[in-house]
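Peer 1: Numbering (UniProt numbering), first residue to last: 1 to 266.
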Ligand code: HEM
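(1) On the DSSP bridge list, what partners appear for residue 259?
(2) When the Cα atoms are used, what is the spatial distance from residue 106 to residue 76?
(3) Going by beta carbon distance, what residues of the same chain come within less than 8 Å of residue 97, once the five residues before and after it are set aside?
(4) Put residue 22 into one of helix, strand or coil per three-state DSSP.
(5) Mapping the DSSP letters down to three states, classify residue 182 as helix, strand or coil.
(6) I need the straight-line Cα distance from residue 244 to residue 79, nearest angstrom please.
(7) Report all residues from its chain with a CB closer than 7 Å to the CB of residue 101; omit the five preceding and five following residues, and keep chain order.
(8) Starting from residue 137, trace the alpha helix (DSSP H) in both directions and tell me its first and last residue.
(9) Relative to the C-alpha of residue 131, which residue among 82, 88 and 197 is closest?
(10) Using the three-state DSSP reduction, which class does residue 46 fall into: helix, strand or coil?
(11) What residue does the alpha helix (DSSP H) around residue 124 start on, and which one ends it?
(12) Please confirm whether any heavy atom of the ligand HEM lies closer than 7 Å to the CB of residue 108.
(13) Please confirm if the segment 129 to 149 is in contact with the segment 159 to 179, defined as three or more CB-CB distances below 8 Å between the two stretches.
(14) Would you mind working out which of 223, 12 and 217 sits nearest residue 84, comparing C-alpha positions?
(15) Please determine whether the Cβ atom of residue 102 lies at a distance below 7 Å from any heavy atom of the ligand HEM.
(16) Please report how far the alpha carbon of residue 54 lies from the alpha carbon of residue 262, in whole angstroms.
(17) Mind checking residue 152: buried by the 16 CB within 10 Å criterion, or exposed?
(18) Is residue 136 near the ligand HEM - that is, is its Cβ less than 7 Å away from at least one heavy atom of it?
(19) Is it a yes or a no for the segment 42 to 54 touching the segment 200 to 216, going by three-plus beta-carbon pairs under 8 Å?
(20) For the 8 Å Cβ check, are there 3 or more pairs between the segment 223 to 233 and the segment 175 to 182?
(21) Skipping 5 residues on each side, what residues in its chain have a beta carbon closer than 7 Å to that of residue 19?
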């Protein structure tokens, strides 16, 4: 949903569009290619909806609801999803490289990308908690594990063992860019607050995640990481509120030029 909503200033399902002769989709942009999955599931949901209730539910609404349901299925909180989004007719290939934060980003750069979309620092820290599930590819954490991982994790024996495992998944040189590992190695398939506890130990997999706790500029973000590490209920509440905010970022262009696509890919 982050990719889906931040690229074009809005959750307009532009991310689902396939390339055509006249349209360059967002899927093949360097930051998204190999990273995004699940397009077939969205197609199946859309097919069912179109056969029961044609022309009503936009692909943008489907994406937002699916993100919520995926969170529930792995043990996370429920929230009501406001609906009525329209789908875009165009995509924003170029914006993928300006609007999306990258894994090597520093704190100030990530903060600015969230503020630009009307999301606060609290939203940013809470939404990053989504990394309690899911995988990252070697290319996105190599610099971190051969960089300051040891410094932030304080070289204790458990962290060192973990680091050795990470390095075997992701060798310093020579391909293997797409080898994956869980961002929350404690409970990889459970939506909980252990992501923040990992940051307290200095073992965040992505540089962008560890920055929330370890950056010199991160006084406010550090306090929030501590709070969510201690209090899962506070994390769940803020995550729900922030997901509604993220899902409500609209591309104003879709008010005039938007549609309800029949097929989410075109
Ligand atoms: C704060 C800025 C963020 C950065 C820099 C960031 C970066 C990344 C990166 C680099 C990956 C790994 C992708 C790969 O290696 O293929 C990833 C995965 C993921 N991110 Fe983020 N992310 C951010 C915020 C978010 C937010 C706000 C959400 C959702 C609300 C989110 C949800 C996810 C999920 C679910 C995955 C796992 C995908 C999978 O397993 O296939 N991320 N993120």
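The C-beta atom is built at its ideal place from N, Cα and C for all residues, glycine as well.
Peer 2: Taking the geometry as given:
(1) 87
(2) 28 Å
(3) 29, 30 and 31
(4) coil
(5) strand
(6) 8 Å
(7) 109, 110, 113 and 208
(8) Looking at the DSSP string, residue 137 is not in any alpha helix (DSSP H); the run it does join, the beta strand (DSSP E), is 135 to 137.
(9) 197
(10) helix
(11) 121 to 128
(12) no
(13) yes
(14) 12
(15) yes
(16) 8 Å
(17) buried
(18) yes
(19) no
(20) no
(21) 25 and 28
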